[in-house]
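Engineer: Read left to right, the sequence shown gives residues 1 to 604 (our numbering).
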Amino acid sequence: MITWTNGIAPLNLSTAVLQEQTSRADWTLLTAAPAFSRALSGPAEALLYWREQIKVPLSASQHSQSLAFIKLWQQFELAVSNYLKPPECPLAPYQLILIDSQCSDQLFYQMLEQAVTYPEPILCLASAQQSEQQRLLQLQQQVAQHTAAKSASERLHFQTACHTASLMQTAPRVFCSRSLLGLEALLWQKPLYCQTDSPWVSCTLSQGVFSAQHIANVELAAFVHYAILAGEQALHPERQLPCDVADLLAWAGLQHSTRMALPGRLYAVGFSRFWRKTLQCFVQGRTITFLNKEAVLPKQGTILVWGRRALPVVQAGLRLVRLEDGFIRSVGLGAEFAQPMSWIFDQHGLYFDATQPSDLELLLQQLILSDQQRERAEALRQRICEQGVTKYNVGDSGWQRPDTNKRVVLVPGQVETDASIEFGAHQIRSNLQLLMQVRQKNPDAWVIYKPHPDVHSGARAKGVGEDDVSTYCDELVLDVGMAVLLEQVDEVHLLTSLTGFEALLRGKKVVCYGWPFYAGWGLTEDTAPPPRRGRTLDLATLVYATLIAYPRYISDVTGGFSTPEQVLTEIEQRRQRLPTIAGKIMLRLGRCLRMVLNLLFGKK
Numbered sequence: 001m002i003t004w005t006n007g008i009a010p011l012n013l014s015t016a017v018l019q020e021q022t023s024r025a026d027w028t029l030l031t032a033a034p035a036f037s038r039a040l041s042g043p044a045e046a047l048l049y050w051r052e053q054i055k056v057p058l059s060a061s062q063h064s065q066s067l068a069f070i071k072l073w074q075q076f077e078l079a080v081s082n083y084l085k086p087p088e089c090p091l092a093p094y095q096l097i098l099i100d101s102q103c104s105d106q107l108f109y110q111m112l113e114q115a116v117t118y119p120e121p122i123l124c125l126a127s128a129q130q131s132e133q134q135r136l137l138q139l140q141q142q143v144a145q146h147t148a149a150k151s152a153s154e155r156l157h158f159q160t161a162c163h164t165a166s167l168m169q170t171a172p173r174v175f176c177s178r179s180l181l182g183l184e185a186l187l188w189q190k191p192l193y194c195q196t197d198s199p200w201v202s203c204t205l206s207q208g209v210f211s212a213q214h215i216a217n218v219e220l221a222a223f224v225h226y227a228i229l230a231g232e233q234a235l236h237p238e239r240q241l242p243c244d245v246a247d248l249l250a251w252a253g254l255q256h257s258t259r260m261a262l263p264g265r266l267y268a269v270g271f272s273r274f275w276r277k278t279l280q281c282f283v284q285g286r287t288i289t290f291l292n293k294e295a296v297l298p299k300q301g302t303i304l305v306w307g308r309r310a311l312p313v314v315q316a317g318l319r320l321v322r323l324e325d326g327f328i329r330s331v332g333l334g335a336e337f338a339q340p341m342s343w344i345f346d347q348h349g350l351y352f353d354a355t356q357p358s359d360l361e362l363l364l365q366q367l368i369l370s371d372q373q374r375e376r377a378e379a380l381r382q383r384i385c386e387q388g389v390t391k392y393n394v395g396d397s398g399w400q401r402p403d404t405n406k407r408v409v410l411v412p413g414q415v416e417t418d419a420s421i422e423f424g425a426h427q428i429r430s431n432l433q434l435l436m437q438v439r440q441k442n443p444d445a446w447v448i449y450k451p452h453p454d455v456h457s458g459a460r461a462k463g464v465g466e467d468d469v470s471t472y473c474d475e476l477v478l479d480v481g482m483a484v485l486l487e488q489v490d491e492v493h494l495l496t497s498l499t500g501f502e503a504l505l506r507g508k509k510v511v512c513y514g515w516p517f518y519a520g521w522g523l524t525e526d527t528a529p530p531p532r533r534g535r536t537l538d539l540a541t542l543v544y545a546t547l548i549a550y551p552r553y554i555s556d557v558t559g560g561f562s563t564p565e566q567v568l569t570e571i572e573q574r575r576q577r578l579p580t581i582a583g584k585i586m587l588r589l590g591r592c593l594r595m596v597l598n599l600l601f602g603k604k
């Protein structure tokens, strides 16, 4: 079941087992089965009914599904509330005491007295529900008066609501009454110490220490099935269709892993007000402080900057992350302020900078694909070709290959002031020089030149002598979509343009006169070998690293982190929709804004 919620679900028949939060909404992804919810918060007869229900044997299929759920929960490091920040306490194997709103003083001190008999430090923890947080605070204020608490004062800690996976993963044991977090402990297969009148006693991993009463145990797989999987079918947040629970866990896992790839506090330097909201979407779940270019940088922390922007001397305690557009960016030009669906966050360099390694280059040096990853990369490549997707997805489709027996060679132009030319070109550094070289080496070919779309739209400046390109090409194409050209040409000759990568996806011969990120791996013909590279790659490895592992994607449906496959779906949906009045207005505003900026500061 999926519901929209403005807060945390109460402990009732819609008890939230899996919650997530994106830039658009709070999501309750999975809810506990009704019988388990009643047993967790209801009267004694509800508990008895629950214990009878979970004695019903599982089928082989149900047993396998439960074990798969447990494995995926641990693999994706999930928690009940996945949008919460990591714990503030130092990492350690804490014994956990889980506090719920009904936890009495007597019960708390019973759990504490049991915990102090073990050597590990003790951490008292509650879920994100306000009532449980209030109860945790009450207990924290009064423990100083209790004997057991005094004896454990140096080992006793309290933690407000946080993402609990790291704590559960390392906990040697967990003490619990009726907190829903007890379910997390079982999913992490931790010994759970509890009262015999709690629903956890029905599981083989729980140990009823507060009473001698014996209750028959059941397997953890049965507990998971009847507590979670027997509930209502979940809807996938992006597709809004019924899906396998594994897909739902994978989506929640993607949100968590992407969020955790950057630390909790970030400093963004030099971002204009227009792009700040976009940046916040790409680093959702993090606290971000915006600084102007002249601001004094903090002595420690993580700094975000766009592209190759120069910074003052960066202190040793600072971590620098550079941002750039992704390879499937948008429907529309970035120079005209089309909102991006993909950005790059690189902690070593940037993919277009051949002067130093980037995260992408390091990944390509090491990556060995599994069969599943290889299949995914090949399916993605085929879909990109079938849909005719490129970086900006602009241009018309009305172009036909010339009626000639000559080889048809495409030369894509670039913005000559772009950083990819400065840091990725070798000897040739202008579009005109490139075209002259291609014509000299291929006198019998039909040479096509296509200016960069930012230059053709007037958003960026032409290159040196670019008005003379017609002298060295057989055909000048302007408004044609790049995918249409790539399907019909034989070869692509370029400096550092992303078009070369898009041509490789379509099985075309690519000749590089510069050092783009895809050169030097045995897939292109290089006029000069790029530095550092030497490993021979297949196309699937290049595709997986470049389009799946390296960028961040944002879904227009949920506002959350997404996959390239979902972004392709949304691009296709945008193409099929007729432009709205609001969309046309935004496009014109973007173009007008670019014109104003060019008038004020000149084209670059």
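Glycine included, each C-beta is placed from N, C-alpha and C at the ideal position.
May I ask which residues mark the beginning and end of the beta strand (DSSP E) holding Cys606?
Structural biologist: Given a span of 1 to 604 for the chain in the structure shown, any question on residue 606 remains unanswerable.
Engineer: Are the Cβ atoms of Glu294 and Gly307 separated by less than 8 Å?
Structural biologist: The answer is no: Cβ separation not under 8 Å.
Engineer: For Ser41, report the span of its beta strand (DSSP E) as first-last.
Structural biologist: Here Ser41 belongs to no beta strand (DSSP E); instead the alpha helix (DSSP H) covers Pro34 to Ser41.
Engineer: Which residue marks the beginning of the alpha helix (DSSP H) containing Val438, and which one marks its end?
Structural biologist: Here the alpha helix (DSSP H) through Val438 covers Asn431 to Lys441.
Engineer: Where in the stretch 43 to 129 do unbroken runs of the beta strand (DSSP E), each at least 3 residues long, occur, reported from the N-terminal end onward?
Structural biologist: The stretch 43 to 129 contains these whole beta strand (DSSP E) runs: 95 to 99 and 122 to 126.
Engineer: In the structure shown, what three-state DSSP assignment does Tyr550 receive?
Structural biologist: Here Tyr550 sits in coil by DSSP.
Engineer: Taking C-alpha atoms, which residue in Glu375, Ala503 and Cys281 lies nearest to Thr558?
Structural biologist: Out of Glu375, Ala503 and Cys281, Cys281 has the C-alpha closest to the C-alpha of Thr558.
Engineer: Beta carbon of Ile421, beta carbon of Gln414: below 8 Å?
Structural biologist: In this structure, Gln414 lies closer than 8 Å to Ile421 by Cβ.
Engineer: Closest by CA to Ser272, which one among Thr287, Leu291 and Leu84?
Structural biologist: Ser272 has its Cα closest to that of Leu291, out of Thr287, Leu291 and Leu84.
Engineer: For Leu478, collect the residues of the same chain with a Cβ closer than 6 Å to its Cβ; drop the 5 residues on either side in sequence, then sort them by chain order.
Structural biologist: Correct list, in chain order: His456.
Engineer: Under three-state DSSP, which class holds Ala335?
Structural biologist: Unreliable placement is indicated for Ala335, whose pLDDT of 46 sits below 50; no coordinate value is reported for it.
Engineer: What does a CB cutoff of less than 7 Å around Glu572 pick up in its chain, not counting 5 residues either side in sequence?
Structural biologist: Correct list, in chain order: Gln387.
Engineer: So if DSSP puts Phe561 in a beta bridge, which residue, or which two residues, is it bridged to?
Structural biologist: Note: Phe561 sits in a beta bridge opposite Ile554.
Engineer: So, at 8 Å on beta carbons, what are the nonlocal neighbours of Tyr94 in its own chain, with the 5 sequence-adjacent residues on each side left out?
Structural biologist: Answer for Tyr94: Glu120, Pro121, Ile122, Leu123, His157, Leu167, Thr170 and Ala171, listed in chain order.
Engineer: Can you tell me whether DSSP reads Val543 as helix, strand or coil?
Structural biologist: In this structure, Val543 counts as helix in the three-state DSSP scheme.
Engineer: Quick one: using the 10 Å Cβ neighbour count with 16 as the cut-off for buried, is Glu502 buried or exposed?
Structural biologist: Result: buried.
Engineer: How long is the line joining the alpha carbons of Arg155 and Thr164, rounded to whole angstroms?
Structural biologist: So the alpha carbons of these two residues sit roughly 19 Å apart.
Engineer: Within the stretch 174 to 247, note down every full beta strand (DSSP E) run reaching 3 residues or more, in order along the chain.
Structural biologist: Within the stretch 174 to 247, the complete beta strand (DSSP E) runs of at least 3 residues are 174 to 176, 192 to 194 and 206 to 208.
Engineer: Buried or exposed for Gln213, please, with buried defined as at least 16 other CB atoms from any protein chain shown within 10 angstroms of its CB.
Structural biologist: Legend: pLDDT at Gln213 = 48, less than 50; position of this residue unreliable, value from coordinates given subsequently. Exposed.
Engineer: With distance defined between alpha-carbon atoms, name the residue in Leu537, Arg574 and Arg173 nearest to Gln365.
Structural biologist: The shortest Cα separation from Gln365 among Leu537, Arg574 and Arg173 belongs to Leu537.
Engineer: Would you kindly work out how many angstroms separate the C-alpha atoms of Arg574 and Val56, rounded to a whole number?
Structural biologist: Roughly 49 Å separates the two Cα atoms.
Engineer: Does the Cβ of Lys299 have 16 or more other Cβ atoms within 10 Å, making it buried, or fewer, making it exposed?
Structural biologist: The residue is exposed, with fewer than 16 neighbouring Cβ atoms inside 10 Å.
Engineer: Using only CA atoms, which one of Pro530, Tyr226 and Leu205 lies nearest to Asn217?
Structural biologist: It is Leu205.
Engineer: Given Asp474, which residues of its chain have a CB within under 6 Å of its CB, disregarding the five upstream and five downstream residues?
Structural biologist: Excluding residues within five positions, the ones whose Cβ falls inside 6 Å are Trp446 and Val447.
Engineer: Put Val484 into one of helix, strand or coil per three-state DSSP.
Structural biologist: In the structure shown, Val484 sits in a helix (DSSP, three-state: H, G or I).
Engineer: I need the straight-line Cα distance from Lys71 to Glu570, nearest angstrom please.
Structural biologist: Lys71 and Glu570: Cα-Cα distance of roughly 31 Å.
Engineer: Using a threshold of 8 Å, state whether the C-beta atoms of Arg297 and Trp399 are closer than that.
Structural biologist: A small correction: the amino acid at residue 297 is Leu; Arg does not occupy that position in the sequence shown. Not a contact, by the Cβ cut-off of 8 Å.
Engineer: Mind reading off the beta-carbon distance from Thr31 to Gly326? Whole number of angstroms is fine, and I expect it under 8 Å.
Structural biologist: The Cβ separation is near 35 Å, so there is no contact.
Engineer: I need the straight-line Cα distance from Pro530 to Gly500, nearest angstrom please.
Structural biologist: Answer to the nearest angstrom: the Cα atoms are 15 Å apart.
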